[in-house]
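Have a look at the structure below before the remarks.
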Amino acid sequence: MSVPIQILPERKTATPQVVIANLVKKYGALRALDDLSFDVEAAEWVALMGPSGSGKTTLINILGGLDKLNSGRVVVGGIDLSNLSENEMVRYRAEKVGFVFQQFHLVPYLSAVENVMLAQYFHSVTDEKQAEEALRRVGLGERMTHLPAQLSGGEQQRVAIARALINQPKIILADEPTGNLDEANEEIVLKIFRQLHHAGHTILMVTHDPDIARQADRRIELAHGRLHFDTAQHGPGHPLACPLANTADCCTPVTTDDEIRFDHLLEQIWICGEEGKPAKVTSLHSTGTAGSLPLRSEEPATKILGRMTDLHLVDFQNGEAQLTPVGSRRARDVVRRHRLAERLFKDTFSIDESEVHTQACKFEHIISPELDQRICTFLGHPKTCPHGNPIPPGDCCNGKLKS
Ligand code: ADP
Ligand code: MG
């Protein structure tokens, strides 16, 4: 009987297992993946990192045949995904790749073993013994007949892994597979991934955790849909190849300051737009209230704006800075976080008016998109900051803006 974790043949092939060449994926005007190119060798474990919105999930979905690319080439295990019909895509998904998501996506009214058998069904075989063996492999021999609700989060994720492996895919695509797990379960799940790696599976795993990334062979960081950093290309001596210490924000030690500077300038350009004034390059400044943050030198705004142009955040016309669609979205988000933070500090914490802005300047760089929405919901989706400036609505505000 075949088992899900088996030693696969060849570890290195002449042709890479995954070829990504000039991949572009657009959502309307937004380029979620923007001319992305890299290869992955067979049996390689790649940690895919990068800030929220940088295109990690989009990439995983395209590699898994869940979404279509606009241009470029993606070849997985010799199959060119740009040319597949719907039917071929369904077969590709069932046979070539295994998915593990952050949300476990188990069918609530099916037992653990039935959930695994469901995956076999899509592969046109159902073999209960094989499904049971898969569950035993992930340490769930005693939980076969439990419903998802009767399993812990870690156990549910292990069922999801067993399901992903049942058809013995060479390639495993995992999107923050430990994102919802406590430490103990995270370790159990990572151990399974280590075994899979050892057995020769190719793994692409999205993670925010440098400790997890360190276990992979290679770390790739995306930024704005582009390749920002790749240990295979840049090497361990590169300044971006940080020692991956134990802090989550250490992955981009050099750029953290830069990100704050970018946000600071984006905010100014956004506010010029709100006030109907041109964002004259000469009137934009690199320091200011945000200068109380641990920023490096007093680098002139023009130099920073140059780097922002390279990243497609801003364009220039007649000495005026203009936000690109990507820059505009980011500017809107940072302005929103700033003004929401001001509301929070004033309304909830009754912080002195004179301090509110300074505190918000720090806080706007700390708030994650999830926290942003929670704060906004908690505050009842406020329309304006304490100074009367508009708070750009977020996804959570749909139809719920407080008048
Ligand atoms: P990540 O996983 O790195 O957080 P995503 O791949 O989910 O990023 O998203 C990349 C960009 O594409 C984001 O700006 C996101 O808002 C956008 N995006 C993702 N999916 C869709 C979609 N279905 N429709 C429109 N925009 C999308
Ligand atoms: Mg994602």
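Number 129 in my numbering belongs to position 119 of the sequence shown; there are no gaps in the numbering.
Glycine included, each C-beta is placed from N, C-alpha and C at the ideal position.
From a predicted model like this one, the values you see are computed outputs, not experimental measurements.
Open item on the list: With DSSP as the reference, identify every bridge partner of T136, one or two as the case may be.
Closed with: Position 126 of the sequence shown holds residue 136. Per DSSP, T136 has no beta-bridge partner at all.
Open item on the list: As a quick exercise: from S47, T292, G164, pick the residue whose alpha carbon is nearest that of V29.
Closed with: Working through the sequence shown from its first residue, we reach residue 29 at position 19. With distances taken between CA atoms, V29 lies nearest to S47 out of S47, T292, G164.
Open item on the list: Quick check: does the Cβ of K66 come within less than 7 Å of any heavy atom belonging to the ligand MG?
Closed with: Taking the first residue of the sequence shown as position 1, residue 66 is located at position 56. Under cutoff, so the answer is yes.
Task: Inter-residue Cα distance where the pair is R159 and L116 - done: Counting from one through the sequence shown, the residue named residue 159 turns up at place 149. Counting from one through the sequence shown, the residue named residue 116 turns up at place 106. Checking the displayed sequence, the identity of residue 159 turns out to be Ala instead of Arg. When rounded, the distance between both Cα atoms is 10 Å.
TODO: Rounded to whole angstroms, what's the CA-CA distance from I376 to E96? Just pull it up for me.
DONE: Taking the sequence shown and counting its residues from 1, one reaches residue 376 at position 366. Taking the sequence shown and counting its residues from 1, one reaches residue 96 at position 86. Between I376 and E96, the C-alpha separation is close to 42 Å.
TODO: Figure out for me which residue from R349, L33, V291 has the closest Cα to the Cα of Q327.
DONE: Residue mapping note: residue 327 aligns to position 317 of the sequence shown, counting from 1. The shortest C-alpha separation from Q327 is found at V291.
- [ ] Look at V169 and N125 and say whether their C-beta atoms are less than 8 Å apart.
- [x] Indexing the sequence shown from 1 puts residue 169 at position 159. Indexing the sequence shown from 1 puts residue 125 at position 115. Yes. Within cutoff.
TODO: With a floor of 4 residues, list each alpha helix (DSSP H) that falls wholly inside the stretch 331 to 388, ordered by position along the chain.
DONE: Within the stretch 331 to 388, the complete alpha helix (DSSP H) runs of at least 4 residues fall at 335 to 353, 363 to 373, 379 to 388.
Task: Supposed close pair L183, E165 - CB separation, criterion 8 Å - done: One-based indexing of the sequence shown puts residue 183 at position 173. One-based indexing of the sequence shown puts residue 165 at position 155. Rounded to the nearest angstrom, the Cβ distance from L183 to E165 is 21 Å, too far for a contact under 8 Å.
Task: Alpha-carbon to alpha-carbon, S296 and T265 - done: To locate residue 265, count along the sequence shown from 1; it is residue 255. To locate residue 296, count along the sequence shown from 1; it is residue 286. A caution first: T265 carries a pLDDT of 44, below 50, which makes its placement in the model too unreliable to give a value.
Task: Start-end ranges of the alpha helix (DSSP H) lying completely within the stretch 139 to 215, minimum 4 residues - done: Uninterrupted alpha helix (DSSP H) stretches at least 4 residues long and entirely within the stretch 139 to 215 occur at 163 to 175, 193 to 208, given in chain order.
Task: Host alpha helix (DSSP H) of G316 (start-end) - done: Numbered from its first residue, the sequence shown carries residue 316 at position 306. Here the alpha helix (DSSP H) through G316 covers 311 to 320.
Open item on the list: Distance check for V324 and R83, CA to CA, integer angstroms please.
Closed with: Numbered from 1 along the sequence shown, position 73 holds the residue referred to as residue 83. Numbered from 1 along the sequence shown, position 314 holds the residue referred to as residue 324. C-alpha separation (whole angstroms): 28 Å.
TODO: Mind checking which residues open and close the beta strand (DSSP E) that includes A233?
DONE: Numbered from 1 along the sequence shown, position 223 holds the residue referred to as residue 233. Segment 228 to 233, the beta strand (DSSP E) holding A233.
- [ ] Specify, as a first and last residue, the run of the beta strand (DSSP E) that H391 falls within.
- [x] Here residue 391 refers to the residue found at position 381 when the sequence shown is read from its first residue. Boundaries cannot be given for H391, as no beta strand (DSSP E) includes it and DSSP labels it neither H nor E.
Task: Straight-line Cα distance separating P402 from T257 - done: What you label residue 257 is simply residue 247 of the sequence shown in a count that begins at 1. What you label residue 402 is simply residue 392 of the sequence shown in a count that begins at 1. For T257, the pLDDT reaches just 29, beneath the cut-off of 50, and the residue's location in the model is therefore unreliable, although a value from the coordinates is still provided. The straight-line gap separating the alpha-carbon atoms of T257 and P402 is approximately 31 Å.
TODO: Put S95 into one of helix, strand or coil per three-state DSSP.
DONE: On the sequence shown, residue 95 is found 85 positions in, with the first residue counted as 1. Note: S95 maps to coil in three-state DSSP.
Open item on the list: For N71 and E51, I'd like the C-alpha separation in whole angstroms.
Closed with: As a first step, residue 71 is located in the sequence shown; it is residue number 61 there, counting from the start. As a first step, residue 51 is located in the sequence shown; it is residue number 41 there, counting from the start. The alpha-carbon of N71 is positioned some 19 Å away from that of E51.
TODO: State yes or no: is the C-beta of H322 within less than 8 Å of the C-beta of E277?
DONE: Walking along the sequence shown from the start, residue 322 turns up at place 312. Walking along the sequence shown from the start, residue 277 turns up at place 267. In this structure, H322 sits away from E277, with a CB-CB distance that is not shorter than 8 Å.
Open item on the list: Could you tell me the alpha carbon to alpha carbon distance between E284 and E374, rounded to whole angstroms?
Closed with: Position 274 of the sequence shown, counted from the start, is the residue given in the question as residue 284. Position 364 of the sequence shown, counted from the start, is the residue given in the question as residue 374. Each residue's CA atom was taken as its position, placing E284 and E374 some 19 Å apart.
- [ ] Name, in chain order, the residues that DSSP records as bridge partners for M59.
- [x] By one-based count along the sequence shown, residue 59 stands at place 49. Per DSSP, E231.
Task: Touch test, the stretch 33 to 49 against the stretch 220 to 227, Cβ-Cβ under 8 Å, three pairs minimum - done: In this structure the stretch 33 to 49 does not touch the stretch 220 to 227; the number of beta carbon pairs closer than 8 Å is below three.
- [ ] Leaving aside the five residues before and after K66 along the sequence, list all residues of the same chain whose C-beta is less than 8 Å from its C-beta, in chain order.
- [x] For the purposes of this step, residue 66 is taken as residue 56 along the sequence shown, with counting starting at 1. The answer, listed in chain order, is L58, M59, G60, D185, V216, L232.
TODO: Closer than 6 Å by C-beta to S81: which residues in its own chain qualify, once you throw out the five before and the five after it? Chain order, please.
DONE: The residue you call residue 81 lines up with position 71 of the sequence shown. So the list reads V34, once near-sequence residues are dropped.
Open item on the list: Under DSSP, the alpha helix (DSSP H) around I70 begins and ends at which residues?
Closed with: Mapped onto the sequence shown, residue 70 falls at position 60. Taken as a continuous stretch (DSSP letters only), the alpha helix (DSSP H) holding I70 covers 66 to 73.
Task: V1 beta carbon near the ligand MG (any heavy atom closer than 7 Å) - done: Any question about residue 1 goes unanswered here, given that the chain covers just 11 to 413.
- [ ] Starting from I30, follow its DSSP beta bridges and name the residues at the other end.
- [x] On the sequence shown, position 20 is the one that residue 30 refers to. For I30, which the question treats as bridged, DSSP gives the partners F48, V84.
Open item on the list: Looking at I171: is its Cβ nearer than 8 Å to the Cβ of V199?
Closed with: Residue mapping note: residue 171 aligns to position 161 of the sequence shown, counting from 1. Residue mapping note: residue 199 aligns to position 189 of the sequence shown, counting from 1. Cβ atoms of I171 and V199: closer than 8 Å.
Open item on the list: What I want to know is whether the C-beta of L321 ends up closer than 7 Å to one or more non-hydrogen atoms of the ligand FAD.
Closed with: Within the structure as shown, the ligand FAD is missing, the only ligands being the ligand ADP and the ligand MG.
Open item on the list: Quick check: G316 and R41, are their CB atoms within less than 8 Å of each other?
Closed with: Taking the sequence shown and counting its residues from 1, the one referred to as residue 316 is at position 306. Taking the sequence shown and counting its residues from 1, the one referred to as residue 41 is at position 31. In terms of Cβ geometry, G316 and R41 do not form a close pair [threshold 8 Å].
Task: Distance, R346 Cα to R384 Cα - done: Taking the first residue of the sequence shown as position 1, residue 384 is located at position 374. Taking the first residue of the sequence shown as position 1, residue 346 is located at position 336. Roughly 13 Å separates the two Cα atoms.
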